[in-house]
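Under my numbering, the sequence shown has 13 at position 13, and the numbering climbs by one with no breaks. Where is the CB? At the ideal position from N, CA and C, for every residue including glycine. All figures in this text were calculated on a predicted structure; none of them were measured in a lab. Single-structure report; data block below.
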Amino acid sequence: MELFTDYTLRTVALGAAMLGVVSGVLGCFAVLRRQALLGDAMSHAALPGIALAFMLTGRREPLILLIGAALAAWLAALLLLAVTRTTRVKEDSALALILSVFFGLGLVLLSWLQQRPDAAQAGLKSFLFGQAAALVERDLWAMAALGLPTLLCVALCWKQFKLISFDPDYAASLGMPVRGLSVLLTTLIVVAIVIGLQTVGVILMSAMLVAPAAAARQWTDRLGLMVCLSALFGAVAGVAGAAISATARGMATGPTIVLCMGAITLVSLLLAPNRGLLWSWLRGRRPLAPADL
């Protein structure tokens, strides 16, 4: 009942559920396109954008910091695409390079800001691991302002995103702007990452992209159902993590949400029909029927 009566818990649960839905939907496309590590790189690359946004404006308004994070993550994604297409550097090497450089720059900027005599920069380091318990109503409005248009764009470009995720060559033969659609999809993934920065932080955000989609993939072969399940798993993990962290003093909400999502993924890997490890093991031990002899 406290989910409905307690303001703080209700706000955190709503924010975590919103994050779970958006990241679950976009994470499906990242996983199917084998770009799961791209989300990790972009989430780490968002850190210098947060610091630079504060340095330029001197304000800690959530929307301003999120815009800075989005620009930095988007720049990192475009830089990754440019490096892999114009050089001989492999994608995994480019990912590691961009992740480490951007994240290192972000840590340097945060360290420099923390040494300033004023207290205006206090709280910026919370973006490393998130501070979901500090969410307020204006943060929810900022998340909704970014998340709802993102989901609407996915719905409008559903057929195009579906085609470039499974067969980009066929999409190109139909005259679709595959490169433009890829940039658009990458931009939407950046938005999903930015939404989760204040809740789970730049370090744990990649788990919220990959884990719901990986769990949903175990239960179905249909993209539509996979996206719905992924959004549901993300929302359930967000609400469950918020509720569990509220019952224990000093338990961080962001890591608890990620642990709940990890538990859902583990159950899916073990018990999902057809793909579950437990069912595969039981089928392997089943005695042969007369028709199989």
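- For R283, name the three-state secondary structure that DSSP assigns. Here residue 283 is taken as the residue at index 283 of the sequence shown, counted from 1. Correct three-state label for R283: helix.
- Query: Hey, A46 and A72: beta-carbon distance below 9 Å or not?
  - Reply: Against the sequence shown, residue 46 aligns to sequence position 46. Against the sequence shown, residue 72 aligns to sequence position 72. Against a cut-off of 9 Å, the Cβ pair of A72 and A46 comes out as a contact.
- Whole-number beta carbon distance between G241 and A16, since they are thought to touch under 8 Å: The residue you call residue 16 lines up with position 16 of the sequence shown. The residue you call residue 241 lines up with position 241 of the sequence shown. Contact holds; Cβ gap of about 6 Å.
- Query: Can the beta-carbon of A207 be found closer than 9 Å to that of M261?
  - Reply: Your numbering for residue 207 matches position 207 in the sequence shown. Your numbering for residue 261 matches position 261 in the sequence shown. Yes; because the gap between Cβ atoms is below 9 Å, this pair is in contact.
- Task: Can you tell me which of D6, L109, A132 puts its alpha carbon nearest to the alpha carbon of M251?
- Result: As a position in the sequence shown, residue 251 is number 251, starting the count at 1. Among D6, L109, A132, the Cα nearest to that of M251 is on A132.
- Query: Between G254 and the rest of its own chain, which residues show a CB-CB distance below 7 Å, the 5 nearest in sequence each way excluded?
  - Reply: Here residue 254 is taken as the residue at index 254 of the sequence shown, counted from 1. So the qualifying residues of the chain are F129, G130, A132, T199, V200, G201, L204.
- Mind checking W74: buried by the 16 CB within 10 Å criterion, or exposed? As a first step, residue 74 must be located in the sequence shown, where it is residue number 74. Result: buried.
- So is D167 buried or exposed if we call it buried at 16+ other beta carbons inside 10 Å? Sequence index remark: in the sequence shown, residue 167 carries index 167 (1-based). Its Cβ having fewer than 16 others within 10 Å, D167 is exposed.
- Inter-residue Cα distance where the pair is V31 and L259: Within the sequence shown, numbered from 1, the residue matching residue 31 stands at position 31. Within the sequence shown, numbered from 1, the residue matching residue 259 stands at position 259. The alpha-carbon atoms of V31 and L259 are separated by roughly 19 Å.
- Message: Quick check on the DSSP output: the alpha helix (DSSP H) that includes L34 runs from which residue to which?
- Response: Residue numbering aside, residue 34 sits at position 34 when the sequence shown is read from its first letter. Leu is not the amino acid found at residue 34; the sequence shown has Arg there. Looking at the DSSP string, R34 is not in any alpha helix (DSSP H), and its letter there is neither H nor E.
- Candidates L232, T187, T247: which alpha carbon is nearest M42's? Sequence index remark: in the sequence shown, residue 42 carries index 42 (1-based). Of the candidates L232, T187, T247, the one whose C-alpha sits nearest the C-alpha of M42 is T187.
- Relative to the alpha-carbon of F233, which residue among I257, A246, R179 has its alpha-carbon at the smallest distance? Stepping through the sequence shown from its first residue, residue 233 is reached at position 233. Checking every option, the nearest Cα to that of F233 belongs to I257.
- Using three-state DSSP, classify W219 as helix, strand or coil. Counting from 1 along the sequence shown, the entry for residue 219 is found at position 219. Note: W219 maps to coil in three-state DSSP.
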